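Residue numbers (our numbering), protein chains in the order written: chain A, 1085 to 1563; chain B, 3 to 379.
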């Protein structure tokens, strides 16, 4: 005879089972080799989220989100110069927050004006820590996912778990990563994630998904779209050797994937294109940064280069032609299939380097984040890429702090806590901004030139390493 | 082994596509996601030199809003707005990039307030045509100097001056920078360290051409930015944020002829923004230049201030019938019904009801309506 258990006992039994299962998962998680670095890294990130921000960019993002929530697209009201994905991700979350009655504050604080006029980069408009945390939550998710992707990618590439852990740590504890996402609040981590994921799918020969990944990245900032051009050519070349039909089919899969996200956001994409062509192009200028234009941080040299900006802009239109360099070299060097994952990574680095040197007028430090994950992954195969990774991380971090000193990130801390005061920050920033330089008028201009030149050196070294590796592989492949 | 290191990235991509698709669909077709704010007038009345309006306010999300009543001596029209933008000329003490950004931001701020006039960037040649035709318009010059084809250089002669006759005929000039008329620039010139010392500039004589020599304190170029801290009454009504007073109009002179509408401060006391009548026209004088993006006095907030001044109708207000204003803070889903009133004198043609969100509001609500005083017909 079957004895039936009472209902309350059944519930208790299920509850107990669920608890045991949770405990089991938790114990497994704690035993995982990434548990400790993950935990420390997450705590570090949560601590930085509410009180640090690069004032200038967050105001632009706030205004964009604010207009979207008021039923305007961010381009028709000229408040954003970035493609739409960040707003598509962020706005429903923010709307949900507002709908449940949580009030976000955003106000003008005239007391920050003194430092603002010294550097012209500190805004007088600040949001409360809640908005900063909300803004950084998507960045945190993509940052975490990118760390896991680097771990998995490296493990797949090297079949070595300790190398994968090392790669994860290089990402998760890189000061440049922490500064960019949690102090600056830039969303380049999303671009970096989709780019690396696109390469991961490419290596797994999942071309459609690879295309979608590059497409999503391109909807965040345009660079993944531009890097997808040579990659498309390489895919075609790879298959054209055996079958033209397969080559067309594969490239079509990749291209279709690339286009799908843009089709989903088509109306905003059209408005974005219109705004970029009518408004932003009139405001282009070279202001220094982390590529060959580093010297333009000096106002006199900047003036000289910007008086020829329209000639320089014509060179930028040559990018599609220049992006064929990796495609042609792939076709010339590789007659038969080799270590496709490694070669793909090398060509993607080459494509990014061409992009850095040709396209952006001012290579801002956060742009270097696009290439950092690829350098970490490739470093586990070829140690010399650690130099490029280190140079880029150091140069970009130092550049961030050189522009207007580290104090510039701390205004929310001063405005919303009693840990420091706005006057202290103003004084420190004004003192720093007015300190005379050695070969420019101000020290900050000198420092920007030095760290910009350091990053440019990093670009040259990366190019050298890639070309050296490719020619070595090319020589080895010859009969 | 926990599955942390073997996430299925294809599932993530599919999730992302679904999220993006869902988010775009919701953003396009669902009203729930957006803020919803309404302002409606229940009734209004002109009685015994008093205009009163009863209204209802509603917002689905938290809203900070001001309801202003502005008595005016004529009904404002949607005048075309022209911004002088010609990089062939030097922008003294500022940059054309900032002026371009001012124009871009104005193209957002004015349509938000249902302003129907066009905002156009014009070159020096186009400016010359406009002024010589004495077209009734609003012209913004934020580059700190007149181009030599519209205002004389070397010696002041009425024959070469297109600006003053245009102002006399009813033109409205919005001016940023050093005093109007002080500097004149030629096409193709480049700003050098000693550019301001060139003999081509009329200096005080140029300022005198507009009768502003008593209104603006003429002094050598200052590098230090001078700011005002206290808001004027109209500045508070319109939430004007521009606070530079280096070349702001002197309060004493404004008390005789003109209106302080910005922030007040300095010694002698000056106004950061003021309206100065000239002939049938007006100069709206900002105390200095437009500064960098997103900072106080930058192109975004300056454009907002200009839009507030143009749309509120304050250009046509008078000292004896000052505007009135009330601020409201609504919680999400709250409805408020209230009454606001303003005193009006016999010279008033009507009253503008102007509703706008304060800078800290995450919900947008603009309302503009002109009510004509029945006795003025």
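We put the CB at the ideal spot given by N, CA and C, even for glycine. The model shown is predicted, which means the values in this text are computed figures rather than measured ones.
Residue-chain proximity (residue i, chain A), Cβ-Cβ < 7 Å
i              : result
residue 274(B) : no
residue 63(B)  : yes
residue 362(B) : yes
residue 26(B)  : yes
residue 12(B)  : yes
residue 289(B) : no
residue 296(B) : yes
residue 15(B)  : yes
residue 237(B) : no
residue 313(B) : no
residue 4(B)   : Low per-residue confidence applies at residue 4(B): pLDDT is 44, beneath 50, and the placement is therefore not dependable enough to give any value.
residue 110(B) : yes
residue 320(B) : no
residue 240(B) : no
C-beta neighbour in chain B for residue i, strict 7 Å
i               : result
residue 1161(A) : yes
residue 1518(A) : no
residue 1187(A) : yes
residue 1394(A) : no
residue 1477(A) : no
residue 1296(A) : yes
residue 1336(A) : no
residue 1153(A) : yes
residue 1281(A) : yes
residue 1311(A) : no
residue 1143(A) : yes
For residue i, three-class secondary structure by DSSP
i               : result
residue 331(B)  : strand
residue 98(B)   : helix
residue 272(B)  : strand
residue 177(B)  : strand
residue 349(B)  : coil
residue 1133(A) : coil
residue 63(B)   : coil
residue 1192(A) : strand
residue 6(B)    : Residue placement at residue 6(B) is flagged as unreliable, the pLDDT there being 48, under the threshold of 50; a coordinate-derived value is accordingly withheld.
residue 279(B)  : strand
residue 267(B)  : strand
residue 1417(A) : helix
residue 37(B)   : coil
Residue i to residue j span [Cα, whole Å]
i               : j               : result
residue 1524(A) : residue 1382(A) : 6 Å
residue 190(B)  : residue 1379(A) : 26 Å
residue 46(B)   : residue 244(B)  : 33 Å
residue 3(B)    : residue 1108(A) : The pLDDT assigned to residue 3(B) is 40, lower than 50, so where the model puts this residue is not dependable, and the model offers no usable value.
residue 1199(A) : residue 1510(A) : 5 Å
residue 1411(A) : residue 1428(A) : 11 Å
residue 1324(A) : residue 1485(A) : 48 Å
residue 370(B)  : residue 240(B)  : 13 Å
residue 65(B)   : residue 112(B)  : 20 Å
residue 1492(A) : residue 1288(A) : 43 Å
residue 1400(A) : residue 1442(A) : 6 Å
residue 1083(A) : residue 72(B)   : One cannot answer for residue 1083(A) here, as it falls past the ends of chain A, which runs 1085 to 1563.
residue 180(B)  : residue 228(B)  : 13 Å
Review point. Between the stretch 164 to 177 of chain B and the stretch 281 to 297 of chain B, do three or more beta carbon pairs fall short of 8 Å?
Key: yes
Point to revise | Contact between the stretch 269 to 278 of chain B and the stretch 74 to 85 of chain B (3+ Cβ pairs under 8 Å) | key: no
Review point. Taking Cβ-Cβ distances below 9 Å as the criterion, which residues of the stretch 1195 to 1207 of chain A are in contact with chain B?
Key: 1196, 1197, 1198, 1200, 1201, 1203, 1204, 1205, 1206 and 1207
Check your understanding: Taking contact to mean at least 3 C-beta pairs separated by less than 8 Å, is the stretch 1165 to 1181 of chain A in contact with the stretch 16 to 31 of chain B?
Key -> yes
Review point. Are at least three pairs of beta-carbons, each pair with one atom in the stretch 1155 to 1174 of chain A and one in the stretch 1471 to 1478 of chain A, less than 8 Å apart?
Key: no
Check your understanding: Is the stretch 92 to 104 of chain B touching the stretch 329 to 348 of chain B in the sense that three or more CB pairs, one from each, lie closer than 8 Å?
Key -> no
Review point. Closer than 8 Å, Cβ to any Cβ of chain A: which residues of the stretch 243 to 266 of chain B, in chain order?
Key: 243 and 245
Review point. Is the stretch 1128 to 1145 of chain A touching the stretch 1549 to 1556 of chain A in the sense that three or more CB pairs, one from each, lie closer than 8 Å?
Key: no
**Study point:** Meets three-Cβ-pair contact criterion under 8 Å: the stretch 1337 to 1344 of chain A and the stretch 1291 to 1302 of chain A
**Key:** yes
Review point. Three or more C-beta pairs closer than 8 Å, one from the stretch 1314 to 1322 of chain A and one from the stretch 1448 to 1465 of chain A: is that the case here?
Key: no
Exercise for review: Decide if the stretch 289 to 309 of chain B is in contact with the stretch 326 to 335 of chain B; the criterion is three or more beta carbon pairs, one per stretch, under 8 Å apart.
Suggested key: no
Review point. For the stretch 79 to 113 of chain B, which residues have a CB atom closer than 8 Å to at least one CB atom of chain A, in sequence order?
Key: 99, 102, 103, 106, 107, 109 and 110
Check your understanding: Name the residues in the stretch 331 to 343 of chain B whose C-beta lies less than 8 Å from a C-beta of chain A; which are they?
Key -> 333 and 334
Practice item. Anything in the stretch 1167 to 1193 of chain A with a Cβ closer than 8 Å to a Cβ of chain B? List those residues in chain order, please. Key: 1169, 1172, 1173, 1175, 1176, 1179, 1182, 1183, 1185, 1187, 1188, 1189, 1190, 1191 and 1192
Check your understanding: Using 8 Å as the threshold, is the stretch 253 to 262 of chain B in touch with the stretch 147 to 159 of chain B, meaning 3 or more CB pairs across them?
Key -> no
**Study point:** Near-chain B residues of the stretch 1400 to 1430 of chain A - C-beta to any C-beta below 8 Å
**Key:** none
Check your understanding: Hey, is the stretch 1221 to 1235 of chain A in contact with the stretch 1244 to 1259 of chain A, meaning 3+ C-beta pairs nearer than 8 Å?
Key -> yes
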